[in-house]
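For reference, the structure discussed in these notes is given below.
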Amino acid sequence: MQRLVELVLLLIVLTNFMVLGTSRLSTCIRAIAFQGLLLGLLPPLLHRSLAVYTVALALSAIAVKAIILPRFLQWAIREASVRREIEPRIGFVASLLLGAVAVAVAFGTAQQLPLPDRGGSLAVAVSLATVICGLIVLTSRARALTQVVGYLMLENGVYLFGLTQAARVPFLVELGMLLDVFVGVFIMGIVVFHINREFDSLSDTDLTELSER
Amino acid sequence: MILPALILLPFLGALGAYVHRQAAYRTAWLVIIAVLHTALVGETWVARPDPILGGWIAVDALGLLVLTTVSGLFLVTAIYTVGYLRREDPRGGRAFVSCLLAFLGSASLVSLSHHLGSLWVGMESTTLSVAPLVFHRHDRRSLEAVWKYLVISSVAIALALLGMFFLATAQFSPVDTGRSLVLEDLLDHAPHLNPAWLKAAAVFLLVGFGTKLGLAPMHTWKPDTYGEAPSLVSGLMAGALVSCAFLGIARMVQVTLAAALGDFVRPLLIGFGLVSLAVAAAFLLGQRDVKRLLAYSSVEHVGLLVLGLGLSGVGAYGAVLHVINNAAAKGFMFLAVGNVVLALGTSIAGELRGLVRTLPVSGTLLLIGLLALTGSPPFGSFLSMFIILRAAVDGHPWVAATTALLLAISFVGMAAMILEMTHGAGAADERGQQPGTKAPIRESAWLIAGPVALAAVTLLLGVYLPASLQQALSEAAVSLGGVVP
């Protein structure tokens, strides 16, 4: 079981790099959907049980993170007919390198923050790495849609950390979490839709009218 | 029954307002709910209700002060909205009133939550309920503002959630540390919390809620959002939303102080406070738009709030008092600017001259607001800013000196623009292009009653603090590790 958990966590890190290193939006979305699926597999593996609560957690994560949201994003890129990221503020190779640094930093930090009960520090490290990679995508990409993918990565990292605590912390927190992902992207999606209708482009690079002169 | 009513009433009101087809019903409904909510808050002052839901929802002095601030400001804004909706038809129509009421419900949830998870849920829903209100004009600038606001505050709220998880992890210990994330249990068992996780939690909560509060350098959404949102929404954000975010940080401070980590968190708070004051001072000079000017003034005031918390001692008392003063002063200032925009169609200072003649009431309010916001006696903010400065003089003379200098620079920036707007006789008169610069414009009673009442409150708080308010302030200050001046 432990091996399987480690494999899943490793794959999550790899999906982060897939998002960081690609310019194709559809690859980004597929990677984030795969990451959602992996997160959905984790609750039964981590808690070694098939209790109703664990299964419900797994199924809801898969439904929202691996199916609904990616579908929604796919629909958005079709609507807006955007395929590729336009030259990002930080290049793809540079982002990959930054991602590697992020993973190193995350593992170093996780060493400082041991979980008191068992050696769950790998999950902590991967969750921090995913949060940082999400922030990198959010700040370095120009397309509004890619930024949404970055936000989803960030949320996935937070969710992964929540999973390590799911046995102790009441479920309300995880519910709030899913709600957050859902509503956040739902509203962002509406705005993306407006950007699309208004300017025929989902880039926010030219949304600079408000910067300080 | 009062506690559930305080939270549920606005949400039910939001649903009710959405069902109504006629605009007049909806606004009447808005005012009725706001009045009922304020009445319930008044009832809470008379006798504090017992906690419900196993202590998840409860009233303490700090929460009650924030709740009262939010409720009072909302009532004023609701009355203003009646006048506003007669003149303007914001996008979304029916949703406008519902979003306002949903905001009131979420802010009440934040104020009354003693479970930090539900506090977070409340904070998240304030973000969601405000976003549609910002996007009221269907144009590029408004779109950019709402996009920035959504992205930055969603990230902030996600980081705050991670902070909450860290806090729950800090409770993980061989010794019993009570129910997870319930404030009372956290405070009772604080010495057993894991310090490494607690520090990590403090940093993430400070950055997350600090972004909602608009501390520099996470303030970048603030001028854009306040500048583009309808003035009454900006006022509500600068007054009520800021108070809620302050409460989030204050809860974090309570827990870290109880765990004897004051030496870790205080320098962080002082640092963020000073950076915010410095950034505000720099950008207050040379602004062109009065709403953006007020946004930077808000950055200045939230800087003062965390500075007060960080200085501790009498600073905590000053900070809590300043929450009320800031909300009242920012509230009426934004509403007065809203009147100017409704009458003359712009908030660019260069196109506005001699407002004390054109719009006698709103123009005078702008002038009073300038004094109140810059902490001039005899206004309430003079008292709270003075207490915060005194706390700085007591232990950190260089902090006091820097703060005083930055406040002076901010005063110059604010005064330059506002005095020009109210008293300047610009070239616009000769060109004759400015409509209505000569004859005074009649101002609707709906639009001036609220701001005038708020201005009276700021003035009153400067000369007289009622005994019950003093007692609540002292209680709140002590819970934040402060002392009563």
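Going line by line, the protein sequences match chains A and B.
Remember, this note's numbering sits 1225 above the position in the first sequence when you count from 1.
Remember, this note's numbering sits 1396 above the position in the second sequence when you count from 1.
The beta carbon of each residue, even a glycine, is placed where N, CA and C say it ideally should be.
Start-to-end residues for the alpha helix (DSSP H) that takes in residue i
i, result
"R1483/B", "1457-1483"
"Q1698/B", "Per the sequence shown, the amino acid found at residue 1698/B is Val instead of Gln. Per DSSP, V1698/B belongs to the alpha helix (DSSP H) from 1686-1707."
"Q1260/A", "1250-1272"
"I1293/A", "Counting along the chain, I1293/A falls outside any alpha helix (DSSP H), and DSSP gives it neither H nor E."
"Q1336/A", "1317-1337"
"F1492/B", "1490-1508"
"V1737/B", "1710-1740"
"P1881/B", "Note, P1881/B: premise wrong, no alpha helix (DSSP H); not H, not E."
"G1409/B", "1398-1415"
"G1858/B", "1841-1859"
"P1591/B", "1591-1609"
"A1564/B", "1536-1566"
"R1354/B", "Lying before the first or after the last residue shown, residue 1354/B is absent from chain B, which here runs from 1397 to 1881."
"I1837/B", "Neither: I1837/B is in no alpha helix (DSSP H) and is coded neither H nor E."
"I1784/B", "1776-1791"
"H1433/B", "1419-1442"
"P1619/B", "1617-1624"
"S1630/B", "1627-1632"
Own chain partners of residue i with C-beta closer than 7 Å, once the 5 adjacent residues on each side are dropped
i, result
"V1478/B", "T1423, V1427, W1842"
"T1434/B", "S1467, G1468, L1471"
"A1527/B", "V1542, Y1545, L1546"
"A1654/B", "L1583, A1586"
"A1674/B", "L1802"
"S1780/B", "G1714, L1717, H1718, N1721"
Closer than 7 Å to chain B by CB, residue i
i, result
"G1261/A", "no"
"G1375/A", "no"
"L1386/A", "First, the residue type needs correcting, since residue 1386/A is Phe and not Leu in the sequence shown. Judged by the 7 Å Cβ criterion, F1386/A is in contact with chain B."
"S1426/A", "Note that S1426/A scores a pLDDT of 48, beneath 50, so its modelled location is shaky; the value from the coordinates is reported in the next line. So no, S1426/A is outside the interface."
"R1267/A", "According to the sequence as given, residue 1267/A is Leu; it is not Arg. Not closer than 7 Å to any Cβ of chain B, the Cβ of L1267/A fails to qualify, so no."
"V1289/A", "no"
"E1380/A", "yes"
"V1277/A", "no"
"Q1390/A", "yes"
"V1280/A", "no"
"V1318/A", "no"
Own chain residues within Cβ distance below 8 Å of residue i, not counting five before or after
i, result
"D1685/B", "G1623, S1743, I1744, A1745"
"L1363/A", "Q1372, G1375, Y1376, L1379"
"R1827/B", "In this prediction, R1827/B scores a pLDDT of 47, lower than 50, which makes its location untrustworthy; the coordinate-derived value is nonetheless stated afterwards. There are no such residues."
CB contact check: residue i to chain A, cutoff 7 Å
i, result
"F1660/B", "no"
"A1410/B", "no"
"F1600/B", "no"
"L1557/B", "yes"
"A1849/B", "no"
"F1407/B", "no"
"F1561/B", "yes"
"A1592/B", "yes"
"R1827/B", "Reliability fails at R1827/B, whose pLDDT of 47 lies under 50, so the model's placement of it is uncertain and the value that follows must be treated cautiously. No - not a single Cβ of chain A is within 7 Å of the one on R1827/B."
"E1871/B", "no"
Close beta carbons around residue i, own chain, < 6 Å, minus the five adjacent residues each side
i, result
"L1579/B", "H1510"
"L1689/B", "Q1683, M1813"
"A1823/B", "Low confidence applies here, because A1823/B scores a pLDDT of 48, under 50, leaving its location unreliable; read the following figure in that light. For A1823/B, where only same-chain residues beyond five positions count, there are no Cβ hits under 6 Å."
"P1400/B", "none"
"I1720/B", "T1465"
"A1454/B", "P1447, H1510"
"V1629/B", "L1529"
"R1438/A", "For R1438/A, the predicted model reports a pLDDT of 45, less than 50, meaning its position is unreliable and no value from the coordinates is stated."
"N1735/B", "S1758, L1843"
"L1632/B", "T1473"
"A1281/A", "none"
Sheet register partners of residue i (DSSP bridge)
i, result
"H1511/B", "V1578/B"
"I1764/B", "Partner(s): none; I1764/B has no beta bridge."
"I1448/B", "I1453/B"
"V1357/A", "In the sequence under discussion, the amino acid at residue 1357/A is Ile, which differs from the Val named in the question. According to DSSP, I1357/A bridges with nothing at all."
"I1744/B", "D1685/B"
"R1309/A", "R1249/A"
**Study point:** Interfacial residues, the segment 1543-1554 of chain B to chain A, with Cβ spacing under 9 Å
**Key:** From the segment 1543-1554 of chain B, only W1543, K1544, L1546, V1547, S1550, V1551, I1553, A1554 have a Cβ closer than 9 Å to chain A.
Practice item. Below 8 Å between beta carbons is the criterion; list the residues of the segment 1348-1377 of chain A that meet it against any residue of chain B, in chain order. Key: The segment 1348-1377 of chain A vs chain B, Cβ under 8 Å: V1356, L1360, L1363, A1369, Q1372, Y1376.
Review point. Just by C-beta distance, which residues in the segment 1565-1585 of chain B are closer than 9 Å to chain A?
Key: So the list reads T1565, Q1567, F1568, S1569, P1570, R1575, S1576, L1577, given in the order they occur along the chain.
Review point. What residues from the segment 1327-1340 of chain A come within 9 Å of chain B, judged by C-beta to C-beta, listed N to C?
Key: Answer in chain order: T1334, Q1337, L1338, P1339, L1340.
**Study point:** Selection of the segment 1226-1246 of chain A by Cβ proximity to chain B, strictly under 7 Å
**Key:** From the segment 1226-1246 of chain A, no residue has a Cβ closer than 7 Å to chain B.
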